[in-house]
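Chemist: A single structure is presented below for examination.
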Amino acid sequence: MSLLHFELHDFRGGIHPEEHKHQSTELPIASAGIPSVIVLPIGQHIGAPSSPVVKIGDKVLKGQIIAEPQGFVSTALHAPTSGTISAIEPRPIPHASGMSDLCIEITPDGEDTWIEHHGVKDYLDTAPAELVNIIQHSGVAGLGGAGFPSHIKLNAPAEKITTLIINAAECEPYITADDMLMREHADQVIKGIEILVHILNPDRCLIGVEDNKPEAINALNKAMGTTRDDTHKIHVVPVPTKYPSGGEKQLIQILTGKEVPAGGIPADIGVVCQNIGTAHAIHNAVVLGQPLVSRITTVTGKACAQPRNYQTLLGTPISHLLKLAGVDHNQMNRLIMGGPMMGFTLQSEDIPIIKTTNCILAANHEELPNPELAQPCIRCGMCTEACPAQLLPQQLYWFAKSSNLEQVEAHNIADCIECGACSYVCPSNIPLVQYYRFAKGEIRQANADKIKSDRAKERFETRLARQEREAAEKEAKRKARAEAAAKKQAEKKAAAEASGASTNTDSSSTTSSTEAPLPDMALLQKKLDAAKTAVEKSKEKLAAAEAEGSDKAELFKNAVEKSQQKMKDAAKAIADARKQMKASENTSSSHANEKGDPNTPERLKNKLELAESRLTTAEERLAAAQAENSDKVDAYMTAVNAQKERVQAAKDALNSVLANSNTPPINETASVAKPSPNIEQLEQKVRAAQTRVDKASERLEMAKAQGMDTIDALQLGLDKQKSKLADAKKQLEEAQS
Amino acid sequence: MTPVLIAVLALVGLSIVFGGILGFAAIRFKVEGNPVVEQIDALLPQTQCGQCSYPGCRPYAEAIANGEEKINKCPPGGESTIHAIADLLGVEPEPLDAEHGEEKESKMVAVIREDECIGCTKCIQACPVDAILGAAKQMHTVIEDECTGCDLCLDPCPVDCIDMVPVATTLQSWHWEAPKAFDPATNHQIIATDRGQAA
Amino acid sequence: MKLLNISSPHATRPGTTGGVMQQVLLAMLPGIAALTYFFGMGHIIQIALAVIVAVGAEAAVLYIRKKPIGFFLKDYSAVVTAVLLALALPPLTPWWITIVATLFAIVVAKHLYGGLGQNPFNPAMIGFALVLISFPVPMTTSWTAPTPILENAIGFSDAVTLIFSQRETIDAYTMATPLDLYKHKVAVATADEITLDPIFGSGIALGWEWVNIAFLIGGLYLLWRKIFTWHIPVSYLAALTACSILFGWDSDRFVPTSLHILAGATMLGAFFIATDPVTASTTPLGKLIYGAGIGLFIYVIRAWGTYPDAIAFAVLLMNFAAPFIDQYTQPRTYGHAKAKRGLPGKE
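Protein chains in written order, with the numbering used here: chain Z, 1 to 737; chain E, 738 to 936; chain L, 937 to 1283.
Here is the structure:
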C-alpha cells in the first residue's frame, strides 16, 4: 500500500485563492443526457486537426469514428451519440478569440446506440505498442486542459521513464471534476493507471492529489487494495494545497524536486505526466473499448441554482448544461470555460463542450466583480513573490507595455505558464497576464515575420541574380547572332558573286508535313530538319568554294555528301516510325482516345468555349477601356486579338477533328465524359452570367449616355453575354429536370 | 643633438611597433563587407517594394549606412522599423516621411481575380520576390505565403484584376491584444485614461 | 445580458494600491506617537502641513496633466510621501521650508518624471535633500530637545508659534541631535565624557531609542502583512551594523554601533524609506545589494561626511544604482540552469 512517507519538495511562489470547491461536490455526478444537437470542433487537441470522414446525411452510431487523425500529433474524433450528421461547417468554438472553426454537427436520434465495440481483457499481457495504438484511435487527449494527444507521451520515449506522475492536484478554484471522478470511479482510474504503468514501465508512479480532497485520497487508497499492482509502484501522494500545484512543471517539482529544463519536456528528466481524467479515458478505451465521447464537467458559480458535476457528451452546447444547473441569466456576469485562474470567457452559450472542458463557471457579479481600473504599477514585488516560474512579472509588464520584445524575451517570458498568480496578487489590478499573452503573440508574430522577410530577401536576391544571368545570356546570344548575321551576309555576297551554282537535290519530298504526336517522331523530325540544314549549309559553302576556285572544294563536296546521307537516313527512320505507329494506332486507337488524346472533339469544344468566353471578357474590357479613353487600350487590343486568334485556332481544330473523324456525335461523348452537371455549379454559373449581363448593360447605358463611339462593341458584348446567360439557364433547367 | 636623436628614434620605434600592431589587427580582425549595412538590411522588412525610391531594401540600407539617406522612408516597416534603425545608429527617430506612403494598419497580400486575368505576365515581371506564378496567356496566381504585400504588381496589371486584401487572422495567428482602455463589448473600463479621452 | 470578455485570471485578491499605502500609514503610527511623546507636537503640525500641501499639489498637477484626479488621489501615495517627508524634517522646521520640500517632492520628483511608479528617485528624500542643502541652518537647528530634559513640553500652540512665526525664541527649545553631538565632540572628548550629556539619557540616546523601536515595530507589522520582503531592511541594518562594528569598536574615536542603530532616522529609513518599492531594486538578490549599499553609504556619510545623518543621501545614491543592480541580479528562472547576468542592452 501507499501510506509510506514521501519526501515532498516545494515550488517557489504560489498563492492561496478561495477554493469554492464544496458547492459542486454536494451532489454526485449526474448524466447531462442527450442534447438536441451536438457540435464537434475538429480541432479539440493540440496539433493537426482531425479530418472528417463523414458526409452530411450520414447516419452514425455512438462511438463511430467521424474524423481521423492527420499525422502523428493528432487524434481521432468519435460520434458521442447515435444520430445523423446534419452539418459540417465553421461554427464558434471554445477559444479565447471567439473565432470559428470547422465543426461536425450531429442531430441525435435519441437512441444512443453504441457501435459494436469490445475491450482488451488481458490488457496487462498485451504489447504496449498495441495499447498505445488503441489509445490513439480512441481519441484520447489530455483531459486536464491543454489537450495534448495522449499517445505521444506514451510512445516509446527516448529517455528511460523513471517516474510516471498522475496529475490529480486540481488546484484551480471551483473545479471538482477530477475530485468527483476519483470519489466515484476510483477503481477504473486505478485500472487506467495500471495500463499506463504497463505501457511506460516506470520505476514508480505517483498520484499527486492536493490535500484538500481527503475523500478522493481515501477512495483511491481503497481502490488500490484491489489492484493487480504487485510491484507496489503506484503511490497516492497528498500534496499541500497551493495554486498552481497542478501545473505540470510545478507538480513535477513537488514530487521529484527536479525542474523540467526550459524549452524541454518532462521526458527529458525521465518523467511523464498524465491527467487523472486521461487515465480514466484510457481505462474506458482499453478495458471497455469505448472511445472518448464524454467527460465529467463541473458546472458551478453563483449564477447556478445547483452547482454540480455532469457526465457530459462531447459537443453538448453549454446552454444545455446551464439549463440543467438552473442558471439565472440575469445574475450571470461572466461565463468562463475552465477555472477562474486560467479559463477564458465565452461570448455565446452555443459553444460546445470539448475534450478539455473541465469546468463551466457561470459567475455572478458578486463573486467575480468587474475588474477595477488598473492603477499604476508601484513595483511592490508581490507578483515576484507569487510567480511559480521565478520570473520578474513586473519587469515583464513594463517591457511588454512598451513593446520592448527583446527585453521581454531576455526576461524569459517563454517560461511564463500564464497561471495568473501575478495578476491575482497585484494590488494595482493590472491585467498582467494579458500583457504577457500580448507580448508572446507579438514575439511569435515577429519571428514569423523575420522568417518571411529572410525568405523574401533570398527570393529577391535570387531573382536579381537570375535577371543578371538572363541579361548576360541575352547579350551573349545577341552577339553570337550578330556575328552569324555578319558571316551570312558575307557568304551571301560571295554566293551572289558566284553564278550558276545550283542545287540538285530536292529534299522537300521527304519532309511531308507530319504532325508528330509521339515523342520519337518529333525527335526524328528534328534530326531530319537538322540534316537538311546541314546539307544546305554545306552546299552553300561548296558553291562558295567552287566559285572562288578554292582547293577546299573537294572537302566541302565530301561534307555535302555526308550530310545528304545523314538526311536520307533520317527520312528513312521517320518513314519507318510512321509505319510502325500506324500499325499500333490501328490496334489501340480506341485506347488512345480514352487516355487523353488532346484532340478529342469534346475537349476541343471545351477549349473553344473557354476561348470564346475569354474573348468576350477581353472585348468587354476593351470596350470599357475605349469608353474611358484609358491608356490601356493597346494592351486590351492585343489581348482581344490574341483571344480571337485562339478562338479561331480552337474552331479550326475542332472542325478539322469533327470533319476527319467518324467519332460519335459530340453530345453523346460529352454526356459520357462529363460527370452529371452539378446543379449548384450551374446555378452559380447562371448567377455569374447574370451579373456579367448586368455589368455589360450598365456599361452600354453609360456609353450611350455619353454618346461614345463604342456603343456597337458594347452592344455586341451584351448580346453575347445574354446568349450565354440563356445557355446557362437552359443547362440548369435541363439539369434540374 | 643626442636628446633630439633619442626622441626621434623613440618615436620611430613606437610608430613601427604600433604600426605593426595595427597592421596585424587589420588583417586578423578584418570584417567582411559593411556590417552596418547588413544590420540595417536585417531591420528592414524586405518587402522590396521600392517605396523608398531605392530598387530594393538593400540599396536603401546602403544609402542609410553611407549617410546619404534619412531613415524614415520605409512605409511597410513603419514606426517600429524607424525606431529600430534609430536605435542601431544612435540617431533621433523621425516620423515616417508621408511622401513615400503611409504605414498600413494590417499586413496585406495580393490576390488575383483569376477569371479576369488575361495572362499578360506583366505582374510576374513586376514582382520582386517571384511570388506570382503563371505563363503567357495562362491565368496567374499569387503564392500567398511568399507575397510581401508590396503593391508593385497593381500598376502594371492592364485589367486591374489584382486586389490587396488584409491577411486574415487565423486561430493559429490570433493572440491577445494589449489591454485596451475599454472593452468595447461591455464598455467596461480597464485602464485609466486621460480626462476627456474617455470614450 | 452582455458577458464580460477579458483575459484570465478572473479571480483577484481584493486590495488596491491605496490599501497598501494605508497599511504603510498605519504602520507609521507608533513611530509618530513616540516622536510626539519625546519631541513635542512639532511633527504633528509638520505632518498636517505637508499632507495638505502634497494633496493639493497632487490634485493641481493631475488637473494640469488631464488625469482623473479622484482616481489617482485614492492611491494615497501623495499622503505617504508627505508623512515620510514630515517625519524626516526637524519638528520645528519653518513652515515655508516644509512647503518648499513638499512641493518639490510632489511636483518635480514625482510628477515631472511621470507620476506614481515612474519616478526614479524617492520623492520624499528628494524634497528633504533639497531643503537640507539649500537651507542648512534652519534644518540643523530645528530639532527640539527631548521633552524630559525640557522644562515644559512643547504643546500644540507653542509648536504653531515656533513653526509659523516667533523664530527668535527657538533656541530655548532646540538642541543638536545625539548623532550630531557625538560626532562633533568625539574629536575632543572620550566616549564617557560625551555620554555624560543629558541628551544621551541613561540609555543610548534619550527618546531616540524609543522612536526607533517604534518604527521597528511598525516595520515588522508591514513585514508580517507582506507589504514588502525582508531583504532590504535586513541587509540595510546588517551593513550598517557591520560597518559600525568594524570602525566603531573604539567608541572614543567613532560613534558606537548602538547609537548608529537606535539614533537618528535609522529605523524609519530601514522600513519606510529604503523599502519604497518604486525606487528600490526589485530582484531578490538586487534588494539585498541595494539595502546593503544604503547601509554602507549611511555609515560612510555619518562617519566621514559633513552631515550627521545620511538616510536621504544614501537612499538617493542607491536609487541611481537600482536599475543597474536589477540588470545584473536576475533570478534563476524555473527550468534554467543559470541565472542571466546582464541583459541585452543597446550596443
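C-beta: ideal position from N, C-alpha, C; glycine also.
Any residues in the stretch 427-439 of chain Z with a beta carbon nearer than 7 Å to a beta carbon of chain E? Which ones, in chain order?
Modeler: If the cut-off is 7 Å between Cβ atoms, the stretch 427-439 of chain Z has Pro431, Gln434, Tyr435, Arg437, Phe438 near chain E.
Chemist: Can you find the residues in the same chain that come closer than 7 Å, C-beta to C-beta, to proline 238 of chain Z, ignoring five residues on each side of it along the sequence?
Modeler: On the first sequence, position 238 is the one that residue 238 of chain Z refers to. So the qualifying residues of the chain are Val209, Asp211, Ile217.
Chemist: Candidates L:Pro1030, L:Gly1051, L:Trp1079, L:Thr1029: which alpha carbon is nearest proline 1244 of chain L's?
Modeler: Translated into positions along the third sequence, residue 1244 of chain L becomes position 308. It is L:Trp1079 whose Cα lies nearest to the Cα of proline 1244 of chain L.
Chemist: Can you give me the C-alpha to C-alpha distance between leucine 40 of chain Z and isoleucine 104 of chain Z, rounded to a whole angstrom?
Modeler: For the purposes of this step, residue 40 of chain Z is taken as residue 40 along the first sequence, with counting starting at 1. For the purposes of this step, residue 104 of chain Z is taken as residue 104 along the first sequence, with counting starting at 1. Approximately 5 Å, taken between the alpha carbons.
Chemist: Compare the C-beta of threonine 784 of chain E with all C-beta atoms of chain Z and state if any pair is closer than 8 Å.
Modeler: Sequence index remark: in the second sequence, residue 784 of chain E carries index 47 (1-based). Taking Cβ atoms only, chain Z reaches closer than 8 Å to threonine 784 of chain E, which makes this a yes.
Chemist: State yes or no: is the beta carbon of histidine 912 of chain E nearer than 8 Å to at least one beta carbon in chain Z?
Modeler: Here residue 912 of chain E is taken as the residue at index 175 of the second sequence, counted from 1. Yes, histidine 912 of chain E counts as interfacial toward chain Z.
Chemist: So histidine 1120 of chain L is in the beta strand (DSSP E); what residue range does that whole segment cover?
Modeler: Along the third sequence, one-based indexing puts residue 1120 of chain L at 184. First-last for histidine 1120 of chain L: 1114-1121, but that is the alpha helix (DSSP H), not the beta strand (DSSP E).
Chemist: With hydrogens ignored, establish whether the beta-carbon of valine 54 of chain Z is closer than 7 Å to any heavy atom of the ligand NAD.
Modeler: Among the ligands in the structure shown, none appear at all, so the ligand NAD cannot be discussed.
Chemist: Quick one: is glutamate 853 of chain E near chain Z, going by C-beta distance under 8 Å?
Modeler: Here the question's residue 853 of chain E lines up with position 116 in the second sequence. Interface residue, yes.
Chemist: Determine the chain Z residues that contact glycine 951 of chain L at a beta-carbon separation under 8 Å, and present them in chain order.
Modeler: Numbered from 1 along the third sequence, position 15 holds the residue referred to as residue 951 of chain L. Simply Pro427.
Chemist: May I ask you to report which of helix, strand or coil DSSP gives histidine 235 of chain Z?
Modeler: Against the first sequence, residue 235 of chain Z aligns to sequence position 235. It is a strand residue.
Chemist: For valine 879 of chain E versus alanine 905 of chain E, is the C-beta spacing smaller than 8 Å?
Modeler: For this step, residue 879 of chain E is matched to residue 142 along the second sequence. For this step, residue 905 of chain E is matched to residue 168 along the second sequence. Their beta carbons are not under 8 Å apart, which means valine 879 of chain E does not touch alanine 905 of chain E by this criterion.
Chemist: With a CB to CB cut of under 6 Å and the five nearest residues on each side skipped, what residues in its chain are close to lysine 21 of chain Z?
Modeler: Here the question's residue 21 of chain Z lines up with position 21 in the first sequence. Same-chain partners within the cutoff: Thr176.
Chemist: Can the beta-carbon of tyrosine 174 of chain Z be found closer than 8 Å to that of leucine 396 of chain Z?
Modeler: Here residue 174 of chain Z refers to the residue found at position 174 when the first sequence is read from its first residue. Here residue 396 of chain Z refers to the residue found at position 396 when the first sequence is read from its first residue. In this structure, leucine 396 of chain Z does not lie closer than 8 Å to tyrosine 174 of chain Z by Cβ.
Chemist: Where do the ends of the beta strand (DSSP E) carrying glutamate 903 of chain E lie?
Modeler: Numbered from its first residue, the second sequence carries residue 903 of chain E at position 166. For clarity, residue 903 of chain E is proline in the given sequence; the question names glutamate instead. Unbroken beta strand (DSSP E) run through proline 903 of chain E: 899-903.
Chemist: Tell me where the alpha helix (DSSP H) around threonine 84 of chain Z begins and ends.
Modeler: Start at 1 with the first residue of the first sequence, and residue 84 of chain Z comes out as number 84. From DSSP, threonine 84 of chain Z is part of no alpha helix (DSSP H) but of the beta strand (DSSP E) over 83-92.
Chemist: Report all residues from its chain with a CB closer than 6 Å to the CB of histidine 743 of chain Z; omit the five preceding and five following residues, and keep chain order.
Modeler: Residue 743 of chain Z is absent from the model: chain Z starts at 1 and stops at 737.
Chemist: Could you tell me the boundaries of the alpha helix (DSSP H) in which proline 41 of chain Z lies?
Modeler: Counting from one through the first sequence, the residue named residue 41 of chain Z turns up at place 41. Run containing proline 41 of chain Z: none in the alpha helix (DSSP H); it sits in the beta strand (DSSP E), 38-41.
Chemist: Does the Cβ of alanine 705 of chain Z have 16 or more other Cβ atoms within 10 Å, making it buried, or fewer, making it exposed?
Modeler: Here residue 705 of chain Z refers to the residue found at position 705 when the first sequence is read from its first residue. Counting Cβ neighbours within 10 Å, alanine 705 of chain Z comes out exposed, since fewer than 16 surround it.
Chemist: Skipping 5 residues on each side, what residues in its chain have a beta carbon closer than 6 Å to that of glutamate 172 of chain Z?
Modeler: Sequence index remark: in the first sequence, residue 172 of chain Z carries index 172 (1-based). These residues qualify, in order along the chain: Gly339, Met341.
Chemist: At 9 Å on the CB atoms, spell out the chain L contacts of phenylalanine 148 of chain Z, in chain order.
Modeler: In the first sequence, residue 148 of chain Z corresponds to position 148, counting from 1. None at all; the shortest Cβ gap to chain L is about 18 Å.
Chemist: For arginine 578 of chain Z and lysine 562 of chain Z, what's the separation of their Cα atoms in angstroms?
Modeler: Taking the first sequence and counting its residues from 1, one reaches residue 578 of chain Z at position 578. Taking the first sequence and counting its residues from 1, one reaches residue 562 of chain Z at position 562. Rounded to whole angstroms, arginine 578 of chain Z to lysine 562 of chain Z spans 24 Å at the Cα level.
Chemist: Using CA coordinates, which residue listed in L:Pro950, L:Val1236, L:Lys1223, L:Ile1135 is at the minimum distance from glycine 1184 of chain L?
Modeler: Residue numbering aside, residue 1184 of chain L sits at position 248 when the third sequence is read from its first letter. For glycine 1184 of chain L, the nearest C-alpha among the options comes from L:Val1236.
Chemist: Can you give the Cα-Cα distance for phenylalanine 11 of chain Z and leucine 391 of chain Z, rounded to whole angstroms?
Modeler: The residue you call residue 11 of chain Z lines up with position 11 of the first sequence. The residue you call residue 391 of chain Z lines up with position 391 of the first sequence. Distance between the alpha carbons of phenylalanine 11 of chain Z and leucine 391 of chain Z: 13 Å.
Chemist: Please give the ranges of any beta strand (DSSP E) in the stretch 307-374 of chain Z, keeping only runs that are unbroken, at least 3 residues long and fully inside the region.
Modeler: Counting whole runs of 3 or more residues, the stretch 307-374 of chain Z contains the beta strand (DSSP E) stretches 308-313, 332-337, 359-364.
Chemist: Quick one: list the residues of chain E neighbouring methionine 99 of chain Z, beta-carbon separation under 9 Å, in chain order.
Modeler: Reading the first sequence from its first residue, position 99 is the one you call residue 99 of chain Z. Those are Thr906, Thr907, Leu908, Trp911, listed as they occur along chain E.
Chemist: Could you tell me if glycine 756 of chain E is buried or exposed, where buried requires 16 or more neighbouring beta carbons within 10 angstroms of its beta carbon?
Modeler: By 1-based counting over the second sequence, the position of residue 756 of chain E is 19. So glycine 756 of chain E counts as exposed.
Chemist: Please confirm if the stretch 1220-1237 of chain L is in contact with the stretch 1161-1173 of chain L, defined as three or more CB-CB distances below 8 Å between the two stretches.
Modeler: Touching, per the Cβ criterion.
Chemist: Using beta carbons (cut-off 8 Å, strictly below), is leucine 732 of chain Z in contact with chain E?
Modeler: As a working mapping, residue 732 of chain Z is identified with position 732 in the first sequence. By this cut-off, leucine 732 of chain Z is not an interface position.
Chemist: May I ask you to report which of helix, strand or coil DSSP gives leucine 131 of chain Z?
Modeler: Residue mapping note: residue 131 of chain Z aligns to position 131 of the first sequence, counting from 1. In the structure shown, leucine 131 of chain Z sits in a helix (DSSP, three-state: H, G or I).
Chemist: Check lysine 62 of chain Z in the structure and name its three-state DSSP category.
Modeler: Position 62 of the first sequence holds residue 62 of chain Z. Strand, per DSSP.
Chemist: Does the beta-carbon of asparagine 447 of chain Z have 16 or more other beta-carbons within 10 angstroms, so that it is buried, or is it exposed?
Modeler: One-based indexing of the first sequence puts residue 447 of chain Z at position 447. The residue is exposed, with fewer than 16 neighbouring Cβ atoms inside 10 Å.
Chemist: Strictly below 7 Å CB to CB, what residues from chain Z border alanine 947 of chain L?
Modeler: If you number the third sequence from 1, residue 947 of chain L lands on position 11. Within 7 Å Cβ-Cβ: Pro17, Pro173, Pro340, Met341, Leu368, Tyr424.
Chemist: Output the distance between the C-alpha atoms of arginine 1268 of chain L and histidine 411 of chain Z, rounded to the nearest integer angstrom.
Modeler: Against the third sequence, residue 1268 of chain L aligns to sequence position 332. Against the first sequence, residue 411 of chain Z aligns to sequence position 411. Distance between the alpha carbons of arginine 1268 of chain L and histidine 411 of chain Z: 10 Å.
Chemist: Any beta carbon from chain E within less than 8 Å of phenylalanine 399 of chain Z's own beta carbon?
Modeler: Here residue 399 of chain Z is taken as the residue at index 399 of the first sequence, counted from 1. Chain E contact via Cβ: absent.
Chemist: Alpha carbon to alpha carbon, how far is alanine 325 of chain Z from isoleucine 152 of chain Z? Give it in angstroms, no decimals.
Modeler: One-based indexing of the first sequence puts residue 152 of chain Z at position 152. One-based indexing of the first sequence puts residue 325 of chain Z at position 325. Distance between the alpha carbons of isoleucine 152 of chain Z and alanine 325 of chain Z: 36 Å.
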